[in-house]
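**Q** Counting in this note's numbering, the sequence shown runs from -4 upward without gaps.
We treat Cβ as the ideally placed atom computed from N, Cα and C, and that holds for glycine.
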Amino acid sequence: MTAFEGISAVILDMDGVIYRGDRPVRAAARAVKRLRDSGKKLVFSTNNSASTRAAYVRKLARMGIPAREHEIVTSGYATAIYLQKHTPHARIYVVGENGLRSELKRAGLNLVPIKKPEKATHVVVGLDRTINYGKIAGGLRALLAGAEFIATNADATYPTERGLSPGAGATVGALAGCSGRNPSLVIGKPSPYMIEIALELLGTKPSETAIVGDRLDTDIRVGKKMGLRTILVLSGACTKREADRAKNTEMAPDFVFKNIAEAVVS
Ligand SMILES: [Mg+2]
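#1: Among 242, 244, 227 and 241, which has the Cα closest to the Cα of residue 13?
#2: Can you tell me whether residue 154 sits near ligand 1, meaning its C-beta is under 8 Å from at least one heavy atom of the ligand?
#3: Examine ligand 1 and report whether any of its heavy atoms sits within less than 8 Å of the Cβ of residue 147.
#4: Is residue 146 closer than 9 Å to residue 116 when the C-beta atoms are compared?
#5: If you draw a straight line from the alpha carbon of residue 67 to that of residue 35, how long is it in whole angstroms?
#6: Pick helix, strand or coil for residue 90, following the three-state DSSP scheme.
#7: Quick one: does the C-beta of residue 8 sit closer than 8 Å to a heavy atom of ligand 1?
#8: Assuming residue 219 and residue 42 are in contact, meaning their beta carbons sit under 8 Å apart, how far apart are those beta carbons, in whole angstroms?
#9: So residue 162 packs on residue 150, CB below 8 Å; how close in whole Å?
#10: Are the CB atoms of residue -3 and residue 44 nearer to each other than 9 Å?
#11: The alpha helix (DSSP H) with residue 134 in it runs from where to where?
#12: When you compare only the Cα positions, how much space is there between residue 88 and residue 102?
#13: Below 8 Å, is the gap between the Cβ of residue 42 and the nearest heavy atom of ligand 1?
#14: Regarding residue 234 and ligand 1, is the C-beta to nearest heavy atom distance less than 8 Å?
#15: Keeping to the same chain, check which residues put their C-beta closer than 6 Å to that of residue 130; ignore five residues upstream and five downstream.
#16: Taking the beta strand (DSSP E) that residue 152 falls in, what are its first and last residues?
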């Protein structure tokens, strides 16, 4: 486990590292078990805000990976924690899926009814696979009434078993396109917020923490920015050629492996 030498905690990106869509990456469960058996604390992270942490616990369990809810950080959960900390009285209009709505509610935040977008102080936008004209119109009305524009993340795409699918960037883009405004805050990677929350949950310092991810522009970029050890795997969004091109840039990973199984046996 050369890549993990001196490391006591690991932040594992899920999409493209543990699975693609509903299909697990080869030997991922065994690799995660090996990390646990060697005493490392784990956090599973995803920029995806569509599902709750409980849903991710179930998804991982189906792939033979036991995990607890407090080991999961989604961009939806991170957004909820951020708002709870900074603007607990926010009135939020959500353009996103039910998973995002439940995380915000669970954090004690107020959601405004779909029919009353003008009452919102914040519009929170995430991946929405049932986006339609009415939802975009609601978000626009809230923004025109002066609400702050917050994105759970801005990923253009995410990997599924059928290849790349439109990510939160599609929803954020729809609202940016009609309002002429961009989000004033993006919570997901490469912003620092999700990693800060993960480090808080792990109770470790950046120097003893590694991040394993499949994207240079999110996982590796934020890992380097925050002083974590960075491990890129080529089982998701990034090709070997892109990894090679990142050498000597601010996105150059400390280690590159074909997949997480290879990283763990290194
Ligand atoms: Mg990923």
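**A** Walking through what the data contain:
#1: The option with the nearest alpha carbon to residue 13 is 227.
#2: It does: the Cβ of residue 154 is within 8 Å (strictly closer) of some heavy atom of ligand 1.
#3: Incorrect: residue 147 has no Cβ contact closer than 8 Å to ligand 1.
#4: Not in contact: residue 116 and residue 146 (Cβ atoms no closer than 9 Å).
#5: Going from the Cα of residue 67 to the Cα of residue 35 covers about 15 Å.
#6: In the three-state reduction of the DSSP assignment, residue 90 falls in the strand class, which pools E and B.
#7: Residue 8 Cβ: within cutoff of ligand 1.
#8: That pair is no contact at about 17 Å.
#9: Between the beta-carbon of residue 162 and that of residue 150 there is about 4 Å, and that keeps the pair under the 8 Å contact cut.
#10: Not in contact: residue -3 and residue 44 (Cβ atoms no closer than 9 Å).
#11: Start and end: 128 to 139.
#12: Whole-angstrom Cα-Cα distance: 15 Å.
#13: Within the cutoff, so yes.
#14: Incorrect: residue 234 has no Cβ contact closer than 8 Å to ligand 1.
#15: The answer, listed in chain order, is 90.
#16: Membership of residue 152 in the beta strand (DSSP E) is indicated by the continuous run 152 to 155.
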